[in-house]
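A short worksheet on the structure shown next.
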Amino acid sequence: MDDMQGNVSITSSDDSLNIIRGNETAHFTAERELARTSVRYIYTDLCDLQRSYIRLGFHLYEFKVNGYHEDFGYLTFENFCDKNIGMDKGAVSRCINVYLRFAKRHKEGSFVPSMFIDDKYADFSYSQLCEMLPLSEADLKHIRPDMTVKQIREYKKIKDGTFFKVPDKKSCDVATDETRFDMDRFNRCKGIVARNYVKKCVPVGSCPVFLFDTDGKLVDGGFDILFSGREGIVLRKSGEGGK
């Protein structure tokens, strides 16, 4: 990517842009000045991508919406980016979506974002924001800047139920009839009998679980899966008894 743009800035001349022109379309007889200016902005952002990813998302979005790729002989925006920016379709899409989702709005309720990140996401890295894209506004409140990308990814898996799939028959057969958790039997147990029953059950799997207290503080840990089915999920803190 750097080889294509070098140290381009918004004041660079047209000759220094080194744009690779395509031959897919001749929609425009001459390149618009705004198209070349847009390329300058994109190349400038790429020189400092770590700090300029929101601005890059803005300029990529602007370039796409205005169809500037056609000025340079490309049928699609993605083809222009592949040849001139070194970003594939997925990378370009993530950059634009991070901009659209996490940039500061000019005013409350405005659809079009500014070129600056929203204050509440300023402490997150670009990689974190990419992982946060599918989360709802309610879920985003549970994500903190000190969480790793892996922790955010695991939180997403818990939300979509990845960790709570019903174990297959083979994994259930590891436990004997004596120690495999049985929901009906558990419901008949009371007090210390129920506690001892849960303590002796052999787990059929394990999963990391993220729990949050009422203040939004993360309380995480590993849990044994004793049962997973239509009736619900039964977890036991790893190495401990109790439901």
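Under this note's numbering, the first residue of the sequence shown is numbered 90, with each subsequent residue one higher. Every residue gets a Cβ at the ideal spot worked out from N, C-alpha and C, and that includes glycine.
Is the segment 119 to 134 close to the segment 145 to 165, with three or more CB pairs under 8 Å? yes
Are residue 174 and residue 131 touching if we call contact CB-CB under 8 Å? As a position in the sequence shown, residue 174 is number 85, starting the count at 1. As a position in the sequence shown, residue 131 is number 42, starting the count at 1. Yes, they are a contact pair.
Kindly list the residues whose CB is nearer than 6 Å to the CB of residue 278, restricted to its own chain and excluding five residues on each side of it in sequence; keep chain order. The residue you call residue 278 lines up with position 189 of the sequence shown. These residues qualify, in order along the chain: 286.
Cut-off 8 Å between Cβ atoms - residues of its own chain near residue 127, not counting five sequence neighbours on either side: Stepping through the sequence shown from its first residue, residue 127 is reached at position 38. Excluding sequence neighbours, residue 127 sits near 148, 151, 152, 155 and 157.
Which of helix, strand or coil DSSP assigns to residue 162: The residue given as residue 162 occupies position 73 in the sequence shown. Note: residue 162 maps to coil in three-state DSSP.
Using a threshold of 8 Å, state whether the C-beta atoms of residue 145 and residue 134 are closer than that. What you label residue 145 is simply residue 56 of the sequence shown in a count that begins at 1. What you label residue 134 is simply residue 45 of the sequence shown in a count that begins at 1. Their beta carbons are under 8 Å apart, which means residue 145 touches residue 134 by this criterion.
In whole angstroms, what is the alpha-carbon distance linking residue 273 and residue 139? Position 184 of the sequence shown holds residue 273. Position 50 of the sequence shown holds residue 139. Using only the alpha carbons, I get a separation of about 56 Å.
Rounded distance between the beta-carbons of residue 270 and residue 283, thought under 8 Å: Taking the first residue of the sequence shown as position 1, residue 283 is located at position 194. Taking the first residue of the sequence shown as position 1, residue 270 is located at position 181. Actually they are not in contact, since the Cβ atoms of residue 283 and residue 270 sit about 12 Å apart, beyond 8 Å.
Where does the unbroken beta strand (DSSP E) through residue 205 begin, and where does it stop? Counting from 1 along the sequence shown, the entry for residue 205 is found at position 116. Run containing residue 205: 202 to 206, per the beta strand (DSSP E) assignment.
Only counting runs of 3 or more residues, tell me where the beta strand (DSSP E) segments fall wholly within the segment 201 to 246, in order along the chain. 202 to 206
8 Å Cβ cutoff met for residue 207 and residue 230: Taking the first residue of the sequence shown as position 1, residue 207 is located at position 118. Taking the first residue of the sequence shown as position 1, residue 230 is located at position 141. No; because the gap between Cβ atoms is not below 8 Å, this pair is not in contact.
Burial state of residue 164, where buried means 16 or more other Cβ atoms lie within 10 Å: As a working note, residue 164 is residue 75 in the sequence shown. Exposed: under 16 other Cβ atoms inside 10 Å.
Could you tell me which residues DSSP pairs with residue 152 in its beta bridges? Reading the sequence shown from its first residue, position 63 is the one you call residue 152. According to DSSP, which records beta bridges pairwise, residue 152 is partnered with nothing at all.
Helix, strand or coil at residue 323 according to DSSP, with G and I counted as helix: Position 234 of the sequence shown, counted from the first residue, corresponds to residue 323. DSSP places residue 323 in strand when its eight states are reduced to three.
Could you tell me the alpha carbon to alpha carbon distance between residue 258 and residue 243, rounded to whole angstroms? Numbered from 1 along the sequence shown, position 169 holds the residue referred to as residue 258. Numbered from 1 along the sequence shown, position 154 holds the residue referred to as residue 243. Its pLDDT being 41, under 50, residue 258 is placed unreliably in this model, and the value from its coordinates should be taken loosely. Computed Cα separation, rounded: 25 Å.
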